[in-house]
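K.L.:
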Amino acid sequence: MPFLKDIEKYNSLSIVGLEKNTGKTECLNYVLSRLRDSRKQIALTSIGIDGESRDQVKQTHKPEIELSEGMMFVTSETHYAKRRLFSEVLDVSKQSTSLGRLVTAKTIHSGKVMLSGPANNAEIVRLIADLKTKGVDLTIVDGALSRKSLGSPAVTEAMILATGAALSANIPQLVFKTQYVYDLIHLKEIDSDLKTKFRGIENGIWALDKTGEVKDTGIASVLMIKKEKDKLFQFGTDFFVSGAITDQFLDFLKSQKQVNQIRLIIRDFTRVFANPETYYAFVKKGGKIQVLDKTNLVAITINPVSPDGYRLNSDELKLALETKLQVPVYDVMRIIQEMSE
Amino acid sequence: MKFRKAISEIKGLQYLAESLDLQSPMGKRFLLESDMLCNETNLNIEYDLIDKLIQSVESNEKTISDIQSKLSHLRDIVGSIANLDANLVLNDVELFEIKSFAFHCHGILNLQKELKHELVQLPNLSALVDLLDPQKTGIPSFYIYDDYSEELAEARRKLKIAKSENGESEGKLEELFAVAEELESKVREELCDKARAFAGDLRIALNRLAHLDLLIAKAKQAIQLNFSRPELLKENTRYKAMFHPMIKDELQKQQKRYQEIDIELEKSVCLITGANMAGKTVVLKTLALCQYLCQFGFFVPAEKAGISLVHRILLSVGDDQSEMNGLSSFASEMMSVNQMVELSQSHENVLVLVDELARTTNPVEGLAIVNAVADIFYQNNTRSVITTHYSGLDSKFRKLRVKGLDKDLGDQRITGKNINSYMDYSLVEDNTGEVPHEALRIASLLGINKEIVERAQNQLNKNASKEEIL
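Protein chains in written order, with full-length UniProt numbering: chain H, 1 to 341; chain Y, 1 to 470.
#1: If you draw a straight line from the alpha carbon of T237(Y) to that of I263(Y), how long is it in whole angstroms?
#2: Rounded to whole angstroms, what's the CA-CA distance from A197(Y) to G79(Y)? Just pull it up for me.
#3: When the distance is taken between beta carbons, is S24(Y) closer than 8 angstroms to L53(Y)?
#4: In chain H, which residues lie with their C-beta within 7 angstroms of the C-beta of K163(Y)?
#5: Counting only C-beta atoms, is F96(Y) closer than 8 angstroms to chain H at any point?
#6: Under 8 angstroms between C-beta atoms, does R188(Y) make it to chain H?
#7: DSSP three-state label for Y30(H), please.
#8: Using a Cβ-Cβ cut-off of 8 angstroms, state whether residue 351(H) counts as contacting chain Y.
#9: Is E356(Y) buried or exposed, if buried means 16 or more other CB atoms sit within 10 Å of its CB?
#10: Looking only at DSSP bridge pairs, what is H109(H) linked to?
#11: Report yes if the C-beta distance between L297(H) and L161(H) is below 8 angstroms; otherwise report no.
#12: Helix, strand or coil: how does DSSP classify M277(Y) here?
#13: Would the beta-carbon of D375(Y) fall within 8 angstroms of that of G404(Y)?
#14: Please classify I15(H): is it buried, with 16 or more other beta-carbons within 10 angstroms of its beta-carbon, or exposed?
#15: Run the CB neighbour count on I161(Y), radius 10 Å, all protein chains shown included, and call it buried at 16 or more, exposed below.
#16: Quick one: complete alpha helix (DSSP H) runs, 4+ long, within the region 191-227 of chain Y?
#17: What residues are listed by DSSP as bridge partners for D424(Y)?
#18: Using the Cα positions of E52(H) and L95(Y), report the straight-line distance between them to the nearest angstrom.
#19: Excluding the 5 residues flanking N60(Y) on each side, which residues of the same chain have their C-beta closer than 8 angstroms to its C-beta?
#20: Write down every uninterrupted run of the alpha helix (DSSP H) in the region 334-391 of chain Y whose length is 4 residues or greater and which is fully enclosed by it, in chain order.
#21: Alpha carbon to alpha carbon, how far is I139(Y) from V103(H)? Give it in angstroms, no decimals.
#22: Output, in chain order, the set of chain Y residues within a Cβ distance shorter than 7 angstroms of A81(H).
#23: Excluding the five sequence neighbours on either side, which residues of its own chain have a C-beta within less than 6 angstroms of the C-beta of Y10(H), listed in chain order?
#24: For the structure I just gave you, are there three or more beta carbon pairs, one from the region 383-397 of chain Y and one from the region 238-247 of chain Y, closer than 8 angstroms?
#25: Should R156(Y) be labelled buried (16 or more other beta-carbon atoms within 10 Å of its own) or exposed?
#26: Just the C-alpha distance for L125(Y) and K11(Y), rounded to the nearest angstrom, thanks.
#27: How many Å lie between M277(Y) and T237(H) at the Cα?
#28: Going by the beta-carbon positions, is the gap between Q326(H) and E189(H) smaller than 8 angstroms?
#29: At what residues does the beta strand (DSSP E) containing G243(H) begin and finish?
#30: Please decide whether K58(H) counts as near chain Y, where near means a Cβ-Cβ distance under 8 angstroms.
#31: Could you check what DSSP says for Y258(Y) in three-state terms: helix, strand or coil?
#32: Report the three-state DSSP secondary structure of N91(Y) (helix, strand or coil).
#33: Any contact of the region 223-237 of chain Y with the region 298-309 of chain Y, i.e. 3+ C-beta pairs under 8 angstroms?
#34: Whether or not the region 107-115 of chain H and the region 79-89 of chain H are in contact is what I'm after, with contact meaning three or more pairs of Cβ atoms, one per stretch, closer than 8 angstroms; do they touch?
#35: Going along the chain, which residues of its own chain have a beta-carbon closer than 6 angstroms to the beta-carbon of G212(H), five neighbours each way excluded?
#36: Quick one: give me the first and last residue of the beta strand (DSSP E) that residue 350(H) is part of.
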């Protein structure tokens, strides 16, 4: 049973697709089906809205999430009302999301459900902690990588990444794009006492001065860097950036003489929105990026079929990824097929 | 006057409201929606309850904190109750909320039995608990249990068997699910019909639990901040060792002492004079705060208080944003004084508090205005306090003076930071009509530019010698 042993060590796991149709939902259903026989209490939730049938635009098959008896799940009131299973309400949140309050429930009879969940990191962390007090051993978060989302799957202890032909129909290109995310996930985590200093900061660019004190550079966001670049280096070369890291920002830093001393600290790897070329150029010049929250990548799953029907060679893709990346790679659909044969 | 409005006007009240240890969303709503009471009987009932709670907190702290913990789990189910009343079928989430509410209400009802006195009378919801907990699990989670209908249980069984056999077609499973779901809806409908009978009791419980939450918070605050129960009087309002909690707290943070003061207000006008920085404004603000607290059913910040109830409290301290409505500070003050005078003339039972009346105009006319306004309050027996720096007040008005800088200061230099240790803030009766001339003394003690003080002193000396010649 691949990678499930690894999962059992963690309290929380997110499953993230690098692109639509990279097989995230199949991966999730596979993990759930494998965990069915373990004695662990599993709970499932999502970041923001998911399970929605937006893929009907592309007319591709989009399976819903199948929960078996005894599994817990958290979803919004709106989606709870649409559930296709029988379940017991255990709790309702006091805070509301755009789809109503969050319902925590336990499956009485197996069936399908649409998932939605908290929209920001603090709420996800709180929810995972709350589920733990309700006896949950492992919370699985159906995650998304999105610039729009304030919530990041990186707050979970472990992560499975789903990639595939939907990202690129060319194997070297697909490997390159996947490796980029792999490298970002492996960005170094900062010391825990430094974490507490940055944890509450909501916006702007902050610097760490020689004495280790956190100072506001007065630059409201990386988008303002062109206008206010003179302020950047007033305290030093260690920066905490609360928002996104863009191409423009890395390009600017790359061309500064201090570039090899620069350390950027970001919330987690999902905050990097720069192109891989720009990122690698910055790193090559000696720039460093570190994160507040780091997750452990336990596996990569692949879906060799693209939404328009193009099919890559599964073995070739698996081999190409495993050669480059130090993580097990699985074709989940193939495993499922082989099992049923 | 609702509490919601009062806190927007009185900062000290908002400060206290924010520091209340309220546990439930309805406790907070209950407080904000409560009316200022002018009825002695109702207020005394509330004070009695707070008294009982203070005793309970002191003798039975554990039980009270257990009650608070249950209160913290309560949700505001006012919407679900309304839906129940409106003959709607509730969904599982709403039914869960009602069940969980009934559970906690029942728990609090039992906890109250551990106390010496019953605090609020809660309806017995055990029949509702039984209805929504057919398996007697004793936990508040909820779904449409198989126990409600043999038919439903059978339909679910069939679905489960069909699923486990793996061979059934998707269509067949859908069909079985639909049958079970239909039966579930039927049960839910019947359940809501039965639960509807409890809507009235739920509403009462919601209200009383909100009140209980507030009472506990009031009692704990009274203990923590040393508030005392006001005695409701017909005639004079009297405070012994009255204090302003927000300012006291602020001073304590700076490790400074707060001097409590005694004051008595007749049903007439009273003028307060005193040096600058002598705390006259604080007296007015504290009087307003205490009167509001008393009439919203709180204990008050004083060692002892006897309070005469009023229908309205009018406070003018001149820190309102007069620029915002296009009036000068003088015009803005006159508009509010005008309202006070009109209420006085129609013999309304009000408490009027004016800080430095007519201070933004010339002292000659200013003094005339103070005497005129005070005379109207005097004639109409309006309970009122006016602070002023003007000399030449009509001798028939009662006057109080802040003792001020009576202590021997020696070479000590006074600053805004330490003035508080040299100032005697207590109030004394004063019949002279003259006000203390301490502005220059305080200014020089504060260490401001010597030239200002010297030139001003020369000016005063010149004036004095002119008068002598005349």
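The C-beta atom is built at its ideal place from N, Cα and C for all residues, glycine as well.
P.N.:
Concretely, from the data shown:
#1: Indexing the second sequence from 1 puts residue 237(Y) at position 237. Indexing the second sequence from 1 puts residue 263(Y) at position 263. I263(Y) has its alpha-carbon roughly 8 angstroms from the corresponding atom of T237(Y).
#2: Locating residue 197(Y) in the second sequence gives position 197, counting from the first residue. Locating residue 79(Y) in the second sequence gives position 79, counting from the first residue. Within the model, the alpha-carbon separation for A197(Y) versus G79(Y) is close to 16 angstroms.
#3: For the purposes of this step, residue 53(Y) is identified with residue 53 of the second sequence, where counting begins at 1. For the purposes of this step, residue 24(Y) is identified with residue 24 of the second sequence, where counting begins at 1. For the pair L53(Y) and S24(Y), the CB atoms are not nearer than the 8 angstroms cut-off.
#4: Taking the first residue of the second sequence as position 1, residue 163(Y) is located at position 163. By Cβ distance, chain H contributes S110.
#5: The residue given as residue 96(Y) occupies position 96 in the second sequence. For F96(Y), the answer is yes, since a Cβ of chain H falls inside 8 angstroms of its Cβ.
#6: In the second sequence, counting from the first residue as 1, residue 188(Y) sits at position 188. Not closer than 8 angstroms to any Cβ of chain H, the Cβ of R188(Y) fails to qualify, so no.
#7: What you label residue 30(H) is simply residue 30 of the first sequence in a count that begins at 1. In the structure shown, Y30(H) sits in a helix (DSSP, three-state: H, G or I).
#8: In the structure displayed, chain H extends from 1 to 341; residue 351(H) sits before or after that span and is not available.
#9: If you number the second sequence from 1, residue 356(Y) lands on position 356. Counting Cβ neighbours within 10 Å, E356(Y) comes out buried, since at least 16 surround it.
#10: Walking along the first sequence from the start, residue 109(H) turns up at place 109. BP columns for H109(H) point to F86(H).
#11: Locating residue 297(H) in the first sequence gives position 297, counting from the first residue. Locating residue 161(H) in the first sequence gives position 161, counting from the first residue. Yes.
#12: Counting from 1 along the second sequence, the entry for residue 277(Y) is found at position 277. Residue state, collapsed to three classes: coil.
#13: Counted from its first residue, the second sequence places residue 375(Y) at position 375. Counted from its first residue, the second sequence places residue 404(Y) at position 404. No, they are not a contact pair.
#14: Position 15 of the first sequence, counted from the first residue, corresponds to residue 15(H). With 16 or more Cβ atoms within 10 Å of its Cβ, I15(H) is classed as buried.
#15: The residue you call residue 161(Y) lines up with position 161 of the second sequence. The residue in question, I161(Y), is exposed, as its Cβ has fewer than 16 Cβ neighbours within 10 Å.
#16: 199-225, all fully within the region 191-227 of chain Y.
#17: Here the question's residue 424(Y) lines up with position 424 in the second sequence. Answer by DSSP bridge pairing, in chain order: G404(Y).
#18: Locating residue 52(H) in the first sequence gives position 52, counting from the first residue. Locating residue 95(Y) in the second sequence gives position 95, counting from the first residue. At E52(H) the pLDDT is 46, less than 50, meaning the model places this residue with poor confidence; the figure from the coordinates comes in the next sentence. Taking the CA atoms as reference points, E52(H) sits about 26 angstroms from L95(Y).
#19: Here residue 60(Y) refers to the residue found at position 60 of the second sequence. Within its own chain, the residues whose Cβ lies closer than 8 angstroms to the Cβ of N60(Y), once the five positions on either side in sequence are excluded, are E114, L115, K116, listed in chain order.
#20: Whole alpha helix (DSSP H) segments, 4+ residues: 363-379.
#21: Counting from 1 along the first sequence, the entry for residue 103(H) is found at position 103. Counting from 1 along the second sequence, the entry for residue 139(Y) is found at position 139. Spanning the two alpha carbons is a distance of roughly 16 angstroms.
#22: Indexing the first sequence from 1 puts residue 81(H) at position 81. Near A81(H) (Cβ distances below 7 angstroms), the residues of chain Y are N91.
#23: Here the question's residue 10(H) lines up with position 10 in the first sequence. Excluding positions up to five away in sequence, the list reads E157, A158.
#24: Segments in contact, no.
#25: Here residue 156(Y) is taken as the residue at index 156 of the second sequence, counted from 1. Within a 10 Å sphere around the beta-carbon of R156(Y) sit 16 or more other beta-carbons, which makes this residue buried.
#26: Residue numbering aside, residue 125(Y) sits at position 125 when the second sequence is read from its first letter. Residue numbering aside, residue 11(Y) sits at position 11 when the second sequence is read from its first letter. So the two alpha carbons sit approximately 40 angstroms from each other.
#27: Here residue 277(Y) refers to the residue found at position 277 of the second sequence. Here residue 237(H) refers to the residue found at position 237 of the first sequence. Rounded to whole angstroms, M277(Y) to T237(H) spans 49 angstroms at the Cα level.
#28: In the first sequence, residue 326(H) corresponds to position 326, counting from 1. In the first sequence, residue 189(H) corresponds to position 189, counting from 1. The criterion of a C-beta distance shorter than 8 angstroms is not satisfied by Q326(H) and E189(H).
#29: Translated into the one-based positions of the first sequence, residue 243(H) becomes position 243. Note, G243(H): premise wrong, no beta strand (DSSP E); not H, not E.
#30: Walking along the first sequence from the start, residue 58(H) turns up at place 58. Here the model assigns K58(H) a pLDDT of 44, short of 50, so the residue's position is not dependable and the matter cannot be decided.
#31: As a first step, residue 258(Y) must be located in the second sequence, where it is residue number 258. Coil, per DSSP.
#32: To locate residue 91(Y), count along the second sequence from 1; it is residue 91. In the structure shown, N91(Y) adopts coil according to DSSP, grouped into three states.
#33: As far as the Cβ criterion goes, the region 223-237 of chain Y touches the region 298-309 of chain Y, which means the pair count is three or higher.
#34: Flag = yes, the region 79-89 of chain H and the region 107-115 of chain H touch.
#35: Residue 212(H) sits at position 212 when you count from the first residue of the first sequence. Apart from sequence neighbours up to five positions away, no residue of its chain approaches G212(H) with a beta-carbon distance below 6 angstroms.
#36: Nothing about residue 350(H) can be read from this structure; chain H reaches only from 1 to 341.
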